[in-house]
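As structure tokens, the structure follows; a few thoughts come after it.
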Amino acid sequence: MKNLIIMIFLVSSIFADSFWGSSKKGVAPVTNNLYIAECTSCHFGYQAGLLPSSSWKKLMGGLEDHFGTDASLEPDDSKNILNYLTNNSAEKFTNYKRSRKINDSIPSYSTPIAITKTPYIIKKHDDISNKLIKQKEVSSLANCKACHTTANTGSYSERDIDIPNYGRWDDE
Amino acid sequence: MKKIFIFLFMIVSIVNAQELNNKMKQYMQILKNQAQKDNPSFKQFNYERGENIFISEHIGKKGKLISCVSCHSSNLFNNGENIHTTKIIKPLSPLANSTRFTKVKEVKKWLRRNFRDVYNRVGTAQEKGDVITYIINKK
Numbered sequence: 000m001k002n003l004i005i006m007i008f009l010v011s012s013i014f015a016d017s018f019w020g021s022s023k024k025g026v027a028p029v030t031n032n033l034y035i036a037e038c039t040s041c042h043f044g045y046q047a048g049l050l051p052s053s054s055w056k057k058l059m060g061g062l063e064d065h066f067g068t069d070a071s072l073e074p075d076d077s078k079n080i081l082n083y084l085t086n087n088s089a090e091k092f093t094n095y096k097r098s099r100k101i102n103d104s105i106p107s108y109s110t111p112i113a114i115t116k117t118p119y120i121i122k123k124h125d126d127i128s129n130k131l132i133k134q135k136e137v138s139s140l141a142n143c144k145a146c147h148t149t150a151n152t153g154s155y156s157e158r159d160i161d162i163p164n165y166g167r168w169d170d171e
Numbered sequence: 000m001k002k003i004f005i006f007l008f009m010i011v012s013i014v015n016a017q018e019l020n021n022k023m024k025q026y027m028q029i030l031k032n033q034a035q036k037d038n039p040s041f042k043q044f045n046y047e048r049g050e051n052i053f054i055s056e057h058i059g060k061k062g063k064l065i066s067c068v069s070c071h072s073s074n075l076f077n078n079g080e081n082i083h084t085t086k087i088i089k090p091l092s093p094l095a096n097s098t099r100f101t102k103v104k105e106v107k108k109w110l111r112r113n114f115r116d117v118y119n120r121v122g123t124a125q126e127k128g129d130v131i132t133y134i135i136n137k138k
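Keeping their order, the protein sequence lines are chains X and A. For the record, in the first sequence the residue sitting at position 170 is 169 according to numbering that gives the first Met the number 0, with numbers rising by one throughout. For the record, in the second sequence the residue sitting at position 69 is 68 according to numbering that gives the first Met the number 0, with numbers rising by one throughout.
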């Protein structure tokens, strides 16, 4: 009897996995050293799975005016970073929950280059007051790790949120 | 006697820290040659001109007043902070941060980007040499 229960449990967990596409939380962590060296010298290391490849192509094609700043690279470095980003982009890693939700939220006619302008990210943050976002310790929605304490691991779960001068966030 | 040795050692390490590596010296020579070509009366790179390049404010790429100091701070031995992303920038002085001004590719990249961000144009060879001279010698 005990064996039967274990069998049922095992079979159902396999079934659940295939049903949910062996879903993982968050987004896949950053693994590319060139990306880390070049991009994180100015800003947080946004995971490749936070945007679809069409967005990464558009963004990497305009580094001379990267959100108002010159972030131009040598052509070889730019090409290698783009390869990394498009090989690990949101639509290729829909087994990660956040990648799937971001990718699904972007309509086919739009190609956002700001993660903060994707519909899913906008919706997830629409309850947060401008005062908390604009405060010195955060400054903008693009500063993920100011509140998402585990953002650098690719985890954006609610229990790891700690908003400066506010504290933990309860979505309910 | 021991104190003298320590003193001498300190002097030597300061002098060494200021000394650019060979690749960087070659790059400075290329800048110097170009500066002479651009301006026949050019003699050598100048600390004061470099300081002015570094601390003066200009209408930058974003259409707002900005200077090198805006992000790097006026103390090159301290951390700076990227004013757009709040990311910490390690000290710019090679006397405080020995990795600075060691890789020509890095130096070229940041001069290209930062002149565009602050001056909304590329820097001339003379300006680049002047500002490097200021940064590596500033105490």
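All C-beta atoms in this analysis are idealised placements derived from N, C-alpha and C, irrespective of residue type, glycine included.
Could you name the residues of chain X that residue i contacts, counting a contact when the two beta carbons are closer than 7 Å?
i        : result
A:Arg115 : Asp69
A:Asn81  : Cys41
Name the chain A residues that come within less than 8 Å of residue i, Cβ to Cβ?
i        : result
X:Asn142 : Thr84 and Thr85
With distances taken between CB atoms, is the gap from residue i to residue j smaller than 7 Å?
i        : j        : result
A:Tyr46  : A:Asn113 : no
X:Ala47  : X:Asn87  : yes
A:Asn96  : A:Lys107 : no
X:Leu140 : X:Thr110 : no
A:Glu56  : A:Ser66  : yes
X:Tyr108 : X:Gly25  : no
X:Asp159 : X:Thr152 : no
X:Asn102 : X:Ala89  : yes
A:Thr84  : X:Cys41  : yes
X:Trp55  : X:Leu33  : no
A:Leu30  : A:Lys127 : yes
A:Leu64  : A:Ile134 : no
X:Leu62  : X:Ser71  : yes
A:Ile52  : A:Val130 : yes
X:Gly44  : A:Lys61  : no
X:Ser98  : X:Tyr119 : no
Given this structure, state the Cα-to-Cα distance separating residue i from residue j, to the nearest angstrom.
i        : j        : result
X:Thr117 : X:Leu81  : 20 Å
X:Ile162 : X:Cys143 : 10 Å
X:Pro74  : A:Thr101 : 21 Å
A:Ile58  : A:Arg115 : 10 Å
A:Ile139 : A:Ser69  : Here chain A comprises residues numbered 0 to 138, so residue 139 of chain A is not present and cannot be evaluated.
X:Asn94  : A:Arg111 : 40 Å
X:Ala27  : X:Lys96  : 10 Å
A:Glu105 : X:Asp169 : 44 Å
A:Gln35  : A:Lys42  : 7 Å
A:Leu75  : A:Thr132 : 13 Å
X:Asn2   : X:Lys23  : 29 Å
X:Lys91  : X:Ile127 : 30 Å
X:Val137 : A:Ser40  : 50 Å
X:Asp76  : X:Thr30  : 16 Å
X:Asp64  : A:Leu94  : 32 Å
A:Ile20  : X:Asp125 : Here residue 20 of chain A turns out to be Asn, not Ile, going by the sequence shown. Distance between the alpha carbons of A:Asn20 and X:Asp125: 52 Å.
X:Ala145 : A:Lys86  : 11 Å
X:Leu50  : X:Glu157 : 20 Å
X:Ser53  : A:Gln33  : 41 Å
X:Gln134 : X:Tyr165 : 11 Å
Give the residues of chain X in contact with residue i, contact being defined as C-beta atoms less than 9 Å apart.
i        : result
A:Arg111 : Asp69 and Ser71
Just to make sure I have the definition right: I need the residues of chain X whose C-beta is within less than 8 Å of the C-beta of residue i. Which are they?
i       : result
A:Lys60 : Asp64, Gly67, Thr68 and Asp69
Starting from residue i, trace the alpha helix (DSSP H) in both directions and tell me its first and last residue.
i        : result
A:Asp129 : Ala124 to Asn136
A:Arg112 : Val103 to Tyr118
A:His163 : Past the edges of chain A, shown from 0 to 138, lies residue 163 of chain A, and the structure says nothing about it.
A:Val68  : Cys67 to His71
Could you work out which residues of chain A lie near residue i, taking near to mean beta carbons separated by less than 7 Å?
i        : result
X:Ser138 : Thr85
Beta carbon of residue i: closer than 6 Å to some heavy atom of the ligand HEM?
i       : result
A:Ala95 : The ligand HEM is not among the ligands present in this structure, which contains no ligands whatsoever.
Does the CB of residue i have a neighbour CB from chain D at under 7 Å?
i        : result
A:Glu126 : Although the question refers to chain D, the structure presented lacks it and instead comprises the protein chains X and A.
Those runs of the beta strand (DSSP E) which lie wholly inside the segment 33-58 of chain A and span at least 3 residues: If we require 3 residues or more, the segment 33-58 of chain A turns out to have no beta strand (DSSP E) run fully inside it.
Unbroken stretches of the alpha helix (DSSP H), 4 residues or longer, contained in the segment 69-152 of chain X: 74-86, 96-104, 118-124 and 129-133
Entirely enclosed alpha helix (DSSP H) segments - the segment 34-74 of chain X, minimum 4 residues: 52-59
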